[in-house]
Amino acid sequence: MTQTTAIAHPNFALVKYWGKKDIDQNMPAMSSISITVDSMHSKTKIYKNLSSKQHRLFINGEEEQDISKIIPSLQYLSKISKSNDFLVIKSENNFPTSSGLASSASGIASLVTAYEAHYDIELKMSDRVKACMLGSGSAPRSLLGGFVLMDQNRSYRCSQILGKSDWPLDVLICIASTESKKISSREGMEISRKTSTIYNHWLDINQEHINEALEAIREKNILKLERVTEKNCELMHEVMKTSSPSIVYKTDVTRSCVTEVENLRVLGHKLFYTIDAGPQVKIICDPSSSNAIKEKIIEKTDVIEIIHAGIGGSPRVVNEN
Ligand code: PMV
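Throughout the sequence shown, residue numbering follows the working numbering, covering 4 to 324 in sequence.
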């Protein structure tokens, strides 16, 4: 039986996307900038399903009953490969799934990478972006390592701003809870788009934040990147909060982590945080401060675990039988 396996890493947005322009095509309503991280990954194996005429998806060994999220990506890819195969897809995450840790981004990016190699179809980058985006709006950013821009003004072209070794920051992922999120980002974004009183402001300010972050990354200026990342993160959570019903992903543990980030900064450490659609806090820092930060967060907060990562690379096919 021929099978192909690929690995992709999650990415965390510094300038975030929250809200869609086109629901059917799953297109973000704004540009975004992210970092890909190294020690977390999704590993996805695919092979032809010889026993039934349907795709089957297993995540961490359990079969998913609702596979609607990956069907548009598979349909897009099968038009290019001209294959009508049904697939068995087995995806493993080495980190908690669906709790605001971007498992869908790395999952979809590893699936698209495995598919391309399995059918030997050498996709154009724009096709990879499209195939990923149909599954998850943030997944195209996981197609590249380092610091990545997804530009809505250039057909969502994804480009690398800096490579993983150009600015080797650390990323400390503070796990505040391992529970699955109650409102999916897909649902949450639609609620915000339709009801948040500051949604238009969020759209209007996007390019300004993108420009600021681009400048900070190109200059490798951690203080500038801190300012724009935290401002952008807090604004996104304000958009969520001002939605009706109000959406709140932060918990007390999230808030206590943020307080410690601020305290550590006063002590002279170079670090900043970002929070996505879940309670986890991602701390980006100068590697010389990582140990001190981890010790303080463990001592002062109820964080369950801290995953220590660096900036990661692009997806890759791995030989496995
Ligand atoms: O691509 P999705 O549906 O997982 O949405 C990602 C949304 C955020 O993580 C909150 C922000 C982002 O740009 O990654």
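Every residue gets a Cβ at the ideal spot worked out from N, C-alpha and C, and that includes glycine. Please read these numbers as outputs of a predicted model, since none were measured by experiment.
Within the model, the alpha-carbon separation for residue 14 versus residue 266 is close to 26 Å.
Between the alpha carbons of residue 322 and residue 129 lies a distance of about 26 Å. In the assembly as shown, residue 226 is an exposed residue. Its beta-carbon has fewer than 16 other beta-carbons within 10 Å. Residue 291 carries a helical assignment under DSSP once its states are collapsed to helix, strand and coil. Boundaries for residue 197: no beta strand (DSSP E) harbours it, while the alpha helix (DSSP H) harbouring it runs 188 to 198, taken from the DSSP string. The Cβ-Cβ distance between residue 263 and residue 299 falls below 7 Å. When secondary structure is reduced to three states using DSSP, residue 251 falls in the coil class, being assigned neither helix nor strand. Counting only runs of at least 3 residues, the segment 24 to 104 fully encloses the following beta strand (DSSP E) elements, listed from N- to C-terminal order: 35 to 39, 45 to 51, 59 to 62 and 90 to 96.
Runs of beta strand (DSSP E) with 3 or more residues, each lying fully within the segment 135 to 211, are found at 150 to 154, 160 to 165 and 173 to 178, listed in chain order. Here residue 296 is not bridged, per DSSP, to any residue. Taking residue 16 as the centre and dropping the five residues before and after it, the same chain places the C-beta of 35 and 37 closer than 6 Å to its C-beta, in chain order. In this structure, the straight-line span from the alpha carbon of residue 77 to that of residue 59 is close to 12 Å.
For residue 111, the enclosing alpha helix (DSSP H) covers residues 106 to 121. At least one heavy atom of the ligand PMV is found less than 6 Å from the C-beta of residue 16. For residue 276, DSSP records a beta bridge to 286. In chain order, 149 place their CB closer than 7 Å to the CB of residue 169, counting only its own chain and leaving out the 5 sequence neighbours on each side.
For the 7 Å CB-CB criterion, residue 32 and residue 80 do not form a contact. DSSP places residue 304 in the coil class of the three-state scheme, outside both helix and strand.
Per DSSP, residue 10 lies in no alpha helix (DSSP H); the unbroken beta strand (DSSP E) holding it starts and ends at 6 to 11.
Cβ neighbours of residue 48 within its own chain (closer than 6 Å, five residues either side excluded): 6, 8 and 93. Just so you know, the alpha carbons of residue 143 and residue 28 end up roughly 13 Å apart. Annotated three-state conformation of residue 17 is strand, per DSSP. The closest heavy atom of the ligand PMV lies 6 Å or more from the beta carbon of residue 113. Rounded to whole angstroms, residue 25 and residue 237 show a C-alpha spacing of 24 Å.
Taking a C-beta distance under 7 Å as the contact criterion, residue 122 and residue 84 qualify as a contact pair. Around the C-beta of residue 283, 16 or more other C-beta atoms lie within 10 Å, and the residue is accordingly described as buried. Within 6 Å of the C-beta of residue 279 there is at least one heavy atom belonging to the ligand PMV. Cβ contact annotation for residue 86 (same chain, cutoff 8 Å, sequence separation greater than five): 122, in chain order. In this structure, the beta-carbon distance from residue 45 to residue 138 does not fall below 7 Å.
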